[in-house]
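Asks: Residue numbers (the working numbering): 1010 to 1324. Idealized CB from N, CA, C, for every residue including glycine. So that we are looking at the same thing, I have put the structure below in structure tokens.
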Amino acid sequence: MKKLLVLFLLIPLFLTAQSKKQKVIFDCDLGDDIDDAYALAYLLTLQDKLDILGITTCYGRTDDRARLALKMLHETGQGHIPVFMGRNTSHVDKRANWYADQFSWAKGFDKIKPQSKPAADFIIEQIKKYPNEVVIFSVGPVTNFSDIIQKDPQILKKAKHIYAMFGSFEVGYNQKKPINAEWNVKVDVPASQKLVQSGAKITYAGTDVTSQVKLSAENRRILKEKNTPLTNALTDLYQLWGQETPTLFDPVAIAMLLHPDLFQTEKRHISVDQQGFTRTSEGKPNAIIGLKIQETQVLEILMSHYLNQKFALKP
């Protein structure tokens, strides 16, 4: 009887702790560049603070991206997190139909499957269920957002906030002027234009704050030797990626929510031109953009999360 009483008293505390977690959705093009994998890994280590409502995939072969996410979730014991596929756009051009080398890591994986609901419908459903409570991390082309706006032009205004790896505002990929037409923007210019004009509350983690966060060979060695499901997945995917030094663009968008003190930001009016350049102009601000980052501290935080997570190896 005493045990039941204690359990009864603890239930409200548990529910309160759960309600305090920030509800988030992670929209990604996992499998192309390697930074999506590092962003998803970072997100999974934050579940003491974040309630991950779901993962959605965008751009090109969204089914292969979903399979990759599902295997990563399975390997880390996080298969309870649902994965939703965005509209497949692999027919658009040869690049969109590219079978990325990282996809082979999850080839044939079928222990858990993606949800049947389209990604855009899932996001709309969650915003309606939790108005002004859901934060969306967008770290890929914004095709899903275009589909959301097409279905419900006002719904994104009811998201609590969107943190997007999107754009190039004062400096480009090399941290110098001129700016670049950033990948996530230029891949789907009409969708990008819809997003910036949506009226949603958005913070952009553009090249200004993302392109200098590099994962050194020493840090890659440390992660490889950690030998956990999470770090092993990152090491395997890094090797399949087949390049040298990863730039961790996408994790920065997540860090902007959790560590705003490490960023210098500014409110601006943002638009997207026909070539995929993000332009600032006079007018009422419609976004927050990141201008400066304390990259050493951000990288230290990322490494700490990768190394101190408790995902155990399977027996």
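(1) Could you check whether the region 1143-1150 touches the region 1113-1131, counting it as contact only if at least three pairs of C-beta atoms, one from each stretch, sit closer than 8 Å?
(2) Give the straight-line distance between the Cα atoms of I1020 and G1285, rounded to the nearest whole angstrom.
(3) The alpha helix (DSSP H) spanning T1216 covers which residue range?
(4) Roughly how many angstroms lie between the CA atoms of E1191 and Q1184, to the nearest whole one?
(5) If you pair each beta-carbon of the region 1298-1307 with each one of the region 1033-1046, do three or more pairs fall below 8 Å?
(6) Under 8 Å Cβ to Cβ from T1244, same chain only, skipping five residues before and after it: list those, please.
(7) Per DSSP, what are the beta-bridge partners of D1296 in this structure?
(8) Does DSSP put Q1056 in a helix, in a strand, or in coil?
(9) Given a threshold of 16 other Cβ atoms within 10 Å of its Cβ, counted over all protein chains shown, does N1141 qualify as buried or as exposed?
(10) Label G1176 either buried or exposed according to how many other C-beta atoms from any shown protein chain fall within 10 Å of its C-beta, with 16 as the threshold for buried.
(11) If you check the beta carbons only, do T1085 and F1272 fall under 9 Å apart?
(12) Ignoring anything shorter than 3 residues or poking outside the region 1152-1213, list the beta strand (DSSP E) runs there in chain order.
(13) What is the rounded straight-line gap between the Cα of Y1108 and the Cα of N1317?
(14) Considering only the beta carbon of each residue, do V1261 and I1145 sit closer than 9 Å?
(15) Measuring only the C-alpha atoms, how far is I1171 from Y1213?
(16) Taking DSSP as the reference, what is the three-state secondary structure of L1013?
(17) First and last residue of the beta strand (DSSP E) that includes S1290?
(18) Could you pull out every residue in the same chain whose Cβ sits closer than 8 Å to the Cβ of A1296, ignoring the five residues on either side in sequence?
(19) Whose C-alpha, out of N1236, D1045, E1179, is nearest the C-alpha of S1290?
(20) Have a look at S1099 and C1067 and give me their C-alpha separation to the nearest angstrom.
(21) When we look at the beta-carbon of A1226 and count the other beta-carbons within 10 Å, is it buried (16 or more) or exposed?
(22) Could you give the distance in angstroms between the alpha-carbon of K1167 and the alpha-carbon of I1132?
(23) Are T1216 and D1259 touching if we call contact CB-CB under 9 Å?
(24) Going along the chain, which residues of its own chain have a beta-carbon closer than 6 Å to the beta-carbon of L1016, five neighbours each way excluded?
Replies: So, to answer that:
(1) Between the region 1143-1150 and the region 1113-1131 there are fewer than three inter-stretch CB-CB distances shorter than 8 Å, so the stretches are not counted as touching.
(2) Here residue 1020 corresponds to residue number 11 of the sequence shown, with the count starting at 1. Here residue 1285 corresponds to residue number 276 of the sequence shown, with the count starting at 1. Because I1020 carries a pLDDT of 40, less than 50, the predicted location of this residue cannot be relied on, and the following value inherits that uncertainty. If you take the alpha carbons of I1020 and G1285, they lie about 50 Å apart.
(3) Along the sequence shown, read from residue 1 onward, the residue named residue 1216 stands at position 207. That run of the alpha helix (DSSP H) goes 1216-1219.
(4) Numbered from its first residue, the sequence shown carries residue 1191 at position 182. Numbered from its first residue, the sequence shown carries residue 1184 at position 175. C-alpha separation (whole angstroms): 13 Å.
(5) The answer is no - the region 1033-1046 does not touch the region 1298-1307, with fewer than three Cβ pairs under 8 Å.
(6) Position 235 of the sequence shown, counted from the start, is the residue given in the question as residue 1244. Annotation for T1244: R1229, L1232, K1233 place their beta carbon closer than 8 Å to its own, counting only its chain and skipping 5 residues before and after.
(7) Translated into the one-based positions of the sequence shown, residue 1296 becomes position 287. Sequence check: residue 1296 is Ala here, not Asp. In DSSP, A1296 forms a bridge with R1277.
(8) Along the sequence shown, read from residue 1 onward, the residue named residue 1056 stands at position 47. Q1056 falls in the coil class under three-state DSSP.
(9) Within the sequence shown, the letter at position 132 stands for residue 1141. By the 10 Å Cβ count, N1141 comes out exposed.
(10) In the sequence shown, residue 1176 corresponds to position 167, counting from 1. Its Cβ being crowded by 16 or more others within 10 Å, G1176 is buried.
(11) Working through the sequence shown from its first residue, we reach residue 1085 at position 76. Working through the sequence shown from its first residue, we reach residue 1272 at position 263. At a Cβ-Cβ threshold of 9 Å, T1085 and F1272 do not count as neighbours.
(12) Fully enclosed beta strand (DSSP E) runs of 3 or longer: 1170-1173, 1211-1213.
(13) For the purposes of this step, residue 1108 is taken as residue 99 along the sequence shown, with counting starting at 1. For the purposes of this step, residue 1317 is taken as residue 308 along the sequence shown, with counting starting at 1. Rounded to the nearest angstrom, the two C-alpha atoms are 33 Å apart.
(14) In the sequence shown, the residue the question calls residue 1261 occupies position 252. In the sequence shown, the residue the question calls residue 1145 occupies position 136. 9 Å or more divides the Cβ of V1261 from the Cβ of I1145.
(15) Against the sequence shown, residue 1171 aligns to sequence position 162. Against the sequence shown, residue 1213 aligns to sequence position 204. Cα to Cα, I1171 sits roughly 8 Å from Y1213.
(16) Locating residue 1013 in the sequence shown gives position 4, where the first residue counts as 1. Because the pLDDT of L1013 is 44, which lies under 50, any placement of that residue in the model is unreliable, and the number read from its coordinates should be weighed accordingly. L1013: helix per DSSP, three-state reduction.
(17) If you number the sequence shown from 1, residue 1290 lands on position 281. Segment 1287-1290, the beta strand (DSSP E) holding S1290.
(18) In the sequence shown, counting from the first residue as 1, residue 1296 sits at position 287. Residues of the same chain with a CB within less than 8 Å of the CB of A1296, apart from the 5 flanking positions on each side, are V1205, I1211, T1212, Y1213, K1276, R1277, H1278, I1279 in chain order.
(19) What you label residue 1290 is simply residue 281 of the sequence shown in a count that begins at 1. A check of alpha carbon separations from S1290 across N1236, D1045, E1179 identifies E1179 as the nearest.
(20) Taking the sequence shown and counting its residues from 1, one reaches residue 1099 at position 90. Taking the sequence shown and counting its residues from 1, one reaches residue 1067 at position 58. Between the alpha carbons of S1099 and C1067 lies a distance of about 10 Å.
(21) By 1-based counting over the sequence shown, the position of residue 1226 is 217. Exposed, by the Cβ-count rule.
(22) Your numbering for residue 1167 matches position 158 in the sequence shown. Your numbering for residue 1132 matches position 123 in the sequence shown. Distance between the alpha carbons of K1167 and I1132 is about 11 Å.
(23) Start at 1 with the first residue of the sequence shown, and residue 1216 comes out as number 207. Start at 1 with the first residue of the sequence shown, and residue 1259 comes out as number 250. Taking 9 Å as the cut-off, the beta carbon of T1216 is found no closer than this to the beta carbon of D1259.
(24) Taking the sequence shown and counting its residues from 1, the one referred to as residue 1016 is at position 7. Low local confidence applies: a pLDDT of 42 at L1016 is under 50, so the model's placement there is unreliable, with the coordinate-based value given in what follows. For L1016, where only same-chain residues beyond five positions count, there are no Cβ hits under 6 Å.
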